[in-house]
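Some notes on the structure that comes next.
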Amino acid sequence: MSPAMLLAAESAPLCWRRTFPGGPEQARAVRRFVGCLLAGCPYLDDVLLAADELVANAVRHTKSGQDGGAFTVEVARHAGRVAVSVADQGGPGEPAAVHAAELAEGGRGLRTISLTAASWGWHGNDTGRTVTAVFAGEWAA
1 MSPAMLLAAE SAPLCWRRTF PGGPEQARAV RRFVGCLLAG CPYLDDVLLA ADELVANAVR
61 HTKSGQDGGA FTVEVARHAG RVAVSVADQG GPGEPAAVHA AELAEGGRGL RTISLTAASW
121 GWHGNDTGRT VTAVFAGEWA A
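For what it's worth, the UniProt record's numbering labels the leading residue of the sequence shown as 1, then goes sequentially.
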């Protein structure tokens, strides 16, 4: 392999993907998956929180949480940035970061992500969508 190809390979994004059964108990497995991939990341806690919230939303608000459902987690790393995405099997409504009522037990997931991530967004429709949170910072690991 030529040095130019090695440099290109070294600067290419790293990407990992895994599919999980659609149950809330999978959040722990997702945290282990993401945590192992990003060991040493200085903003790992924020990434894990985002992964937790995205999984909870996929299971709670989409077909992924129904019997036989599943969701896919993708982690990408490139140039100090980390993106965590959860692809679900679709459902009604669109993801939105809203202000939850003070005493509400839920409804803060995407709002929390919007406050901790450099950016977040989604694409898809009622048959499947992917929600992504991007984190940026110094990380030379």
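The beta carbon of each residue, even a glycine, is placed where N, CA and C say it ideally should be.
**Prompt:** Considering only residues of the segment 15 to 83, which uninterrupted alpha helix (DSSP H) runs meet the minimum length of 4 residues and lie entirely inside it, listed in chain order?
**Reply:** DSSP runs (the alpha helix (DSSP H)) wholly in the segment 15 to 83: 27 to 37 and 44 to 61.
**Asked** Would ASP126 be called buried (16 or more neighbouring beta carbons within 10 Å of its own) or exposed?
**Response** Numbered from 1 along the sequence shown, position 126 holds the residue referred to as residue 126. The residue is exposed, with fewer than 16 neighbouring Cβ atoms inside 10 Å.
**Prompt:** Quick one, which of THR72, PRO24 and SER85 has its alpha-carbon nearest PHE135's?
**Reply:** As a first step, residue 135 is located in the sequence shown; it is residue number 135 there, counting from the start. Comparing Cα positions, the closest option is SER85.
**Prompt:** How many whole angstroms separate the CB atoms of LEU48 and GLY40, which I take to be in contact at a CB cut-off of 8 Å?
**Reply:** For this step, residue 48 is matched to residue 48 along the sequence shown. For this step, residue 40 is matched to residue 40 along the sequence shown. With 8 Å as the limit, LEU48 and GLY40 do not qualify as a contact, their Cβ atoms being about 13 Å apart.
**Burial state of LEU54, where buried means 16 or more other Cβ atoms lie within 10 Å** = Within the sequence shown, residue 54 is the residue found at index 54, counting from 1. Sixteen is the threshold: when 16 or more other Cβ atoms of the shown chains lie within 10 Å of the Cβ of LEU54, as they do, the residue is buried.
**Request:** Evaluate GLY121 with the Cβ neighbour count: other Cβ atoms within 10 Å of its Cβ, from every protein chain shown; 16 or more gives buried, anything less gives exposed.
**Result:** Numbered from 1 along the sequence shown, position 121 holds the residue referred to as residue 121. Exposed, because fewer than 16 other Cβ atoms sit within 10 Å of the Cβ of GLY121.
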